[in-house]
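Trainee: Our numbering applies: residue 145 is where the sequence shown begins, and numbers increase by one.
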Amino acid sequence: IGSSSMLLSQGRQVYGLPGMAKEQQKLFRVRLENLVNLTKEGRWNEVYELLSIRTRAGRDKKQFVAEKETTGKEDYILVGFTPKSAEHLDRSIWGSDVWIITGCGQYKKDGKVLELEAVIEAFQEFNEWFFSGVVLKTQLDSAPQKCNSKAKGSRRVG
(Lines of atoms letter the chains of each structure in order from A and count residues from 1; the text may use other names and numbers.)
(Lines give C-alpha, C1' and ligand atoms only; values in the text may rest on other atoms or scores of the structure.)
Protein backbone atom coordinates (compact mmCIF):
# COMPACT_ATOMS: atom_id res chain seq x y z
CA ILE A 1 0.00 0.00 0.00
CA GLY A 2 2.73 2.50 0.86
CA SER A 3 5.69 3.30 3.03
CA SER A 4 5.45 4.42 6.62
CA SER A 5 7.74 6.41 8.81
CA MET A 6 7.89 7.90 12.27
CA LEU A 7 7.44 11.64 12.33
CA LEU A 8 10.43 13.47 13.70
CA SER A 9 10.13 16.97 15.01
CA GLN A 10 12.98 17.65 17.38
CA GLY A 11 14.42 21.14 17.21
CA ARG A 12 14.57 22.39 13.64
CA GLN A 13 14.14 18.96 12.07
CA VAL A 14 11.00 18.59 9.96
CA TYR A 15 8.69 15.63 9.77
CA GLY A 16 10.32 12.48 8.44
CA LEU A 17 8.46 11.96 5.19
CA PRO A 18 10.62 9.66 3.06
CA GLY A 19 10.64 10.43 -0.63
CA MET A 20 9.53 14.04 -0.12
CA ALA A 21 12.05 16.80 -0.84
CA LYS A 22 13.18 18.72 2.26
CA GLU A 23 11.71 21.99 0.97
CA GLN A 24 8.35 20.25 0.40
CA GLN A 25 8.56 18.82 3.93
CA LYS A 26 8.98 22.34 5.33
CA LEU A 27 5.96 23.60 3.38
CA PHE A 28 3.99 20.54 4.49
CA ARG A 29 4.88 21.18 8.15
CA VAL A 30 3.91 24.86 8.00
CA ARG A 31 0.53 24.10 6.43
CA LEU A 32 -0.11 21.25 8.88
CA GLU A 33 0.70 23.49 11.84
CA ASN A 34 -1.59 26.19 10.40
CA LEU A 35 -4.40 23.65 10.11
CA VAL A 36 -4.02 22.59 13.75
CA ASN A 37 -3.72 26.16 15.06
CA LEU A 38 -6.67 27.49 13.06
CA THR A 39 -8.81 24.52 14.13
CA LYS A 40 -7.92 25.11 17.79
CA GLU A 41 -8.92 28.75 17.41
CA GLY A 42 -12.17 27.92 15.60
CA ARG A 43 -11.18 30.06 12.61
CA TRP A 44 -13.31 28.05 10.19
CA ASN A 45 -13.07 30.46 7.22
CA GLU A 46 -9.31 29.95 7.22
CA VAL A 47 -9.51 26.21 7.97
CA TYR A 48 -11.68 25.84 4.85
CA GLU A 49 -8.83 27.20 2.69
CA LEU A 50 -6.59 24.32 3.87
CA LEU A 51 -9.13 21.55 3.21
CA SER A 52 -8.73 19.25 0.23
CA ILE A 53 -11.31 19.10 -2.51
CA ARG A 54 -12.14 15.57 -1.29
CA THR A 55 -12.85 16.87 2.22
CA ARG A 56 -14.93 19.81 1.06
CA ALA A 57 -17.24 17.32 -0.67
CA GLY A 58 -19.02 20.02 -2.65
CA ARG A 59 -19.64 22.28 0.36
CA ASP A 60 -18.82 25.93 -0.14
CA LYS A 61 -17.11 27.99 2.56
CA LYS A 62 -20.39 29.42 3.88
CA GLN A 63 -21.91 25.93 4.34
CA PHE A 64 -18.75 24.60 6.00
CA VAL A 65 -18.50 27.51 8.46
CA ALA A 66 -22.21 27.31 9.34
CA GLU A 67 -21.89 23.55 9.94
CA LYS A 68 -18.85 24.00 12.19
CA GLU A 69 -20.40 26.84 14.15
CA THR A 70 -23.58 24.87 14.90
CA THR A 71 -22.14 21.42 15.57
CA GLY A 72 -18.88 22.35 17.28
CA LYS A 73 -20.35 23.62 20.54
CA GLU A 74 -20.98 20.26 22.24
CA ASP A 75 -18.30 18.26 20.48
CA TYR A 76 -14.71 17.48 21.31
CA ILE A 77 -12.72 20.73 21.00
CA LEU A 78 -9.19 20.34 19.64
CA VAL A 79 -6.48 21.90 21.83
CA GLY A 80 -3.43 20.18 20.30
CA PHE A 81 -2.11 17.43 18.07
CA THR A 82 1.04 15.30 18.48
CA PRO A 83 1.97 13.29 15.36
CA LYS A 84 3.12 9.70 15.88
CA SER A 85 3.55 8.27 12.38
CA ALA A 86 3.02 8.91 8.70
CA GLU A 87 2.10 6.56 5.89
CA HIS A 88 2.53 7.40 2.22
CA LEU A 89 -0.14 5.82 0.04
CA ASP A 90 0.55 4.50 -3.43
CA ARG A 91 0.45 7.40 -5.89
CA SER A 92 -0.67 5.13 -8.75
CA ILE A 93 -3.91 4.35 -6.90
CA TRP A 94 -4.74 7.87 -5.69
CA GLY A 95 -3.43 9.86 -8.65
CA SER A 96 -1.50 12.22 -6.36
CA ASP A 97 0.58 12.13 -3.21
CA VAL A 98 -1.44 11.16 -0.14
CA TRP A 99 -0.12 10.91 3.42
CA ILE A 100 -1.96 9.62 6.46
CA ILE A 101 -0.69 11.28 9.64
CA THR A 102 -1.74 9.50 12.83
CA GLY A 103 -1.21 10.86 16.28
CA CYS A 104 -2.65 11.94 19.59
CA GLY A 105 -5.21 14.70 19.54
CA GLN A 106 -5.65 16.64 22.73
CA TYR A 107 -9.36 17.43 23.04
CA LYS A 108 -11.38 19.35 25.58
CA LYS A 109 -14.75 17.86 26.49
CA ASP A 110 -16.89 18.54 29.55
CA GLY A 111 -14.08 20.55 31.15
CA LYS A 112 -11.48 17.77 30.79
CA VAL A 113 -8.59 17.40 28.36
CA LEU A 114 -8.47 13.94 26.80
CA GLU A 115 -5.70 12.32 24.72
CA LEU A 116 -7.46 10.58 21.82
CA GLU A 117 -6.34 8.87 18.62
CA ALA A 118 -6.60 11.29 15.70
CA VAL A 119 -5.81 11.25 11.99
CA ILE A 120 -5.04 13.88 9.37
CA GLU A 121 -5.07 12.96 5.70
CA ALA A 122 -2.85 15.13 3.48
CA PHE A 123 -3.40 15.41 -0.27
CA GLN A 124 -1.21 17.14 -2.82
CA GLU A 125 -3.52 19.13 -5.07
CA PHE A 126 -2.42 21.84 -7.51
CA ASN A 127 1.19 21.49 -6.27
CA GLU A 128 0.16 22.39 -2.72
CA TRP A 129 -0.78 20.45 0.44
CA PHE A 130 -4.42 20.26 1.55
CA PHE A 131 -5.91 18.28 4.42
CA SER A 132 -8.89 16.39 5.77
CA GLY A 133 -8.91 18.32 9.01
CA VAL A 134 -8.03 16.71 12.34
CA VAL A 135 -10.37 13.73 12.65
CA LEU A 136 -10.99 11.56 15.71
CA LYS A 137 -10.17 7.93 15.02
CA THR A 138 -13.08 5.69 15.99
CA GLN A 139 -14.38 2.23 15.38
CA LEU A 140 -17.82 1.98 13.80
CA ASP A 141 -20.49 3.08 16.32
CA SER A 142 -18.04 3.49 19.18
CA ALA A 143 -16.47 6.26 21.22
CA PRO A 144 -13.12 7.78 20.26
CA GLN A 145 -10.09 5.67 21.19
CA LYS A 146 -7.69 6.77 23.92
CA CYS A 147 -4.20 7.50 22.68
CA ASN A 148 -1.86 4.80 23.93
CA SER A 149 1.62 5.95 22.93
CA LYS A 150 3.60 8.74 21.36
CA ALA A 151 6.46 8.54 18.92
CA LYS A 152 9.76 8.98 20.72
CA GLY A 153 10.96 12.54 20.28
CA SER A 154 7.72 13.82 18.77
CA ARG A 155 6.30 17.11 19.86
CA ARG A 156 2.89 18.69 19.83
CA VAL A 157 1.93 20.58 16.68
CA GLY A 158 0.36 23.97 17.24
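All C-beta atoms in this analysis are idealised placements derived from N, C-alpha and C, irrespective of residue type, glycine included. Quick caveat: nothing in here was measured; it's all calculated off a predicted structure.
1. Could you give the first and the last residue of the continuous alpha helix (DSSP H) run that contains T199?
2. So D241 and Q268 are supposed to be a Cβ contact under 8 Å. How far apart are they, rounded?
3. Could you check whether I245 and V223 sit closer than 9 Å to each other, using their CB atoms as the reference points?
4. Quick one: what's C248 bridged to in DSSP?
5. State whether the stretch 177-195 contacts the stretch 280-293, with contact taken as three or more CB pairs (one from each stretch) at a distance under 8 Å.
6. Does the stretch 170-178 come within contact of the stretch 269-281, defined as at least 3 CB pairs closer than 8 Å?
7. Going by Cα to Cα distance, which pick from D254, R200, L171, S229 is closest to C248?
8. For A266, count neighbouring Cβ atoms within 10 angstroms of its own Cβ and tell me buried if that reaches 16, exposed if not.
9. Using a Cβ-Cβ cut-off of 7 Å (strictly less than) and excluding sequence neighbours within five positions of T282, which residues of its own chain qualify?
10. Secondary structure at Q283, three-state DSSP: helix, strand or coil?
11. Given a cut-off of 9 Å, decide if L280 and E259 are closer than it, judged by their beta-carbon atoms.
12. Could you tell me the distance, in whole angstroms, from the CA atom of L284 to the CA atom of K170?
13. Would you report the Cα separation of G255 and A165, rounded to the nearest angstrom?
14. For E213 and R203, what's the separation of their Cα atoms in angstroms?
15. Can you give me the start and stop residues for the alpha helix (DSSP H) that F324 sits inside?
16. Is L176 helix, strand or coil by DSSP?
Mentor: If we stick to the structure as given:
1. Along the sequence shown, read from residue 1 onward, the residue named residue 199 stands at position 55. Boundaries of the alpha helix (DSSP H) harbouring T199: 197-200, taken from the DSSP string.
2. As a working mapping, residue 241 is identified with position 97 in the sequence shown. As a working mapping, residue 268 is identified with position 124 in the sequence shown. Indeed, because the Cβ distance is near 4 Å, the residues count as touching under 8 Å.
3. Start at 1 with the first residue of the sequence shown, and residue 223 comes out as number 79. Start at 1 with the first residue of the sequence shown, and residue 245 comes out as number 101. Against a cut-off of 9 Å, the Cβ pair of I245 and V223 comes out as no contact.
4. For the purposes of this step, residue 248 is taken as residue 104 along the sequence shown, with counting starting at 1. DSSP output for C248 lists T226, E261 as bridge partner(s).
5. no
6. yes
7. Mapped onto the sequence shown, residue 248 falls at position 104. Closest option to C248, Cα to Cα, is S229.
8. Along the sequence shown, one-based indexing puts residue 266 at 122. Result: buried.
9. For the purposes of this step, residue 282 is taken as residue 138 along the sequence shown, with counting starting at 1. Around T282, the same chain offers P288, Q289 as residues with beta carbons nearer than 7 Å, after the five sequence neighbours per side are excluded.
10. Position 139 of the sequence shown, counted from the first residue, corresponds to residue 283. Three-state DSSP puts Q283 in coil, outside helix and strand.
11. Within the sequence shown, the letter at position 115 stands for residue 259. Within the sequence shown, the letter at position 136 stands for residue 280. Contact flag unset, no.
12. Walking along the sequence shown from the start, residue 284 turns up at place 140. Walking along the sequence shown from the start, residue 170 turns up at place 26. Rounded to the nearest angstrom, the two C-alpha atoms are 35 Å apart.
13. For the purposes of this step, residue 255 is taken as residue 111 along the sequence shown, with counting starting at 1. For the purposes of this step, residue 165 is taken as residue 21 along the sequence shown, with counting starting at 1. Going from the Cα of G255 to the Cα of A165 covers about 41 Å.
14. Counted from its first residue, the sequence shown places residue 213 at position 69. Counted from its first residue, the sequence shown places residue 203 at position 59. C-alpha separation (whole angstroms): 15 Å.
15. Since the first residue of the chain shown is 145 and the last is 302, residue 324 is not available in this structure.
16. As a working mapping, residue 176 is identified with position 32 in the sequence shown. L176 falls in the helix class under three-state DSSP.
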